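Q:
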Amino acid sequence: SYQIVCFWGGLRGAVAIALVLSLPLSLPFRDLIIAFSVLTVLFSIFVQGMTIGPLIQYLELGQSRLLRTFHQVYGDIVTSRAAESSLLKSDLAGIIDSAILDEYIRTYREKSQYTEQKVCEFWQEVHQNPDRMSVIRLFWLEAIHYEQKQYRQLYDDGLILSPVYAELQYQTTIREDFIQSGNYHPPIRLYAPESRYGLWLYRFIRRIFPNSAMLKSYQNRIDIHLIFASVAVFVASSATIEYLERLSQWVCLDSAEITDIVDFYKKFEQKALSYLTSEHVVGSQNLSYVSGYLAERTAGAGMIHMLFHHIEEGIGDEKTLGHIIDRLIKEKNKAKKKVFLLCGDQIMP
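For what it's worth, this note's numbering labels the leading residue of the sequence shown as 6, then goes sequentially.
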C-alpha cells in the first residue's frame, strides 16, 4: 500500500512516506502521524487530479477550444453517417421489418443532416476566430501523416529501398516540425540522396577523379535512389491530394480553405514527375532496371495481399497458402538484395 501511494504521489508521496516511516517506534502517536501523512498525500493527489485539467485549459497548454469542437463534430458526423450507411447496406434488410428499418434510416439521416448543419456553423465560427489556423494546421498534419502512411505501405510492399524510405520519412518529420512551429509554407524538397558530408565527398571525387570507377558507381547509386524516391513521392503526393479532397468533402469544408496544402502536394507531385521525365532519366538503363523491379514487386505485393486476405477469410488451405507467401517474401528479399548490391548499399534485413 505504501508503494502505491509513493508511485501516484511521486516525489511528494515518497518523501512524506519515507519521513514518517523513519520515525522511531517509541514516538507517541506514531501510527496516527503515519495515517495523517498518507491521507494528506492522497488528498493532494485528488486535488491535483481535479484541478490539472481546468488549469491546462485556462493556460491554453492543450488543444484549443476550436480543435476540441472540431474533433467533437467530426466524431458526431462520422458516427451518424456510418449508422445510416450500415442500415442502407445491411444484409438483414429483407428480415428486419421494413417500417422499422425505414424509421431508423430516417432517424439517422436527420441526425446526419443536423450534424452537417452544426459543422457548417462551426466553419462560420472558424472564419471569425483568430485561432482558425490551429484547425488548418490539423489538416496539414493529417496530410503529412497520410503521406508517411503511403511511404510505409510502399516500403512494406518492397517498392522502395530502406535508405530511400528512411530519408523520405525524415523529411516528412522535418516538415511536420515546420508546421508545428507555425510555418505553413515548408520548403519543397524532393530528396537528398546523401548527407552534407557525403555530397561534399562526391564533389571532391568528381573534381579530382572525374572518370574514376568509384565516381561512376557513386553516381549510379544516387540516380537509382532518386528514381525510387521520385516514384514514391509521386505516388504518395497523388494519394494525399485525393485524401485531402475526400476529407474536406466529408467535413463540409470549402476546398479553398486548404488550397495551400493541396498546392504544396501538387508542386511536390510535379517535381517528382519532372525528374522522372527528364532527359537524364528517360531511356536510361537505371530507369529500365527500376521499372522492371517495380513491376515485379507490384505483382508480388498483390499476390501476397490476396493470399493474406484468403487466409483471413478462411478460404483455401492455410498451410499451403502460408508456404506460398513465404516463397513470395523470399523472392521479394532476394530482389531487394540485388538492388542493394547494384547500388552499393549496405544490405539490410
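A virtual CB, placed ideally from N, CA and C, is assigned to each residue, including glycine. Given the structure is predicted, the values throughout are model-derived calculations rather than measurements.
Residue range of the alpha helix (DSSP H) that residue 269 falls in?
A: 264-281
Q: If residue 149 sits next to residue 177, beta carbons under 8 Å apart, how far is it from one beta carbon to the other, in whole angstroms?
A: 5 Å
Q: So, do the region 233-249 and the region 104-116 have three or more beta carbon pairs nearer to each other than 8 Å?
A: no
Q: CB-CB under 6 Å to residue 316, same chain, minus the five flanking residues each way: which ones, in chain order?
A: Excluding sequence neighbours, residue 316 sits near 323 and 326.
Q: Just verifying my parser: in three-state terms, what is the DSSP assignment at residue 59?
A: helix
Q: So, using beta-carbon positions, are residue 80 and residue 302 closer together than 8 Å?
A: no
Q: Residue 39 and residue 25 look like a contact to me (Cβ under 8 Å); what is the Cβ gap, rounded to whole Å?
A: 5 Å
Q: Looking only at C-alpha atoms, which of 291, 18, 314 and 329 sits nearest to residue 224?
A: Considering only alpha carbons, the answer is 291.
Q: Less than 7 Å between the CB of residue 174 and some heavy atom of the ligand GTP, yes or no?
A: In the structure shown, the ligand GTP is absent, as is every other ligand, since no ligand is present at all.
Q: What would DSSP say about residue 188, mapped onto helix, strand or coil?
A: coil
Q: For residue 123, report the span of its alpha helix (DSSP H) as first-last.
A: 103-132
Q: Do residue 256 and residue 124 have their beta-carbon atoms positioned less than 8 Å apart in this structure?
A: Residue 124 is a Cβ neighbour of residue 256, given a cutoff of 8 Å.
Q: Using the Cβ count rule (16 or more neighbours within 10 Å means buried), how would you classify residue 144?
A: buried
Q: Taking 8 Å as the threshold (C-beta atoms), are residue 246 and residue 276 in contact?
A: no
Q: State the Cα-Cα distance for the pair residue 170 and residue 17, rounded to the nearest angstrom.
A: 46 Å
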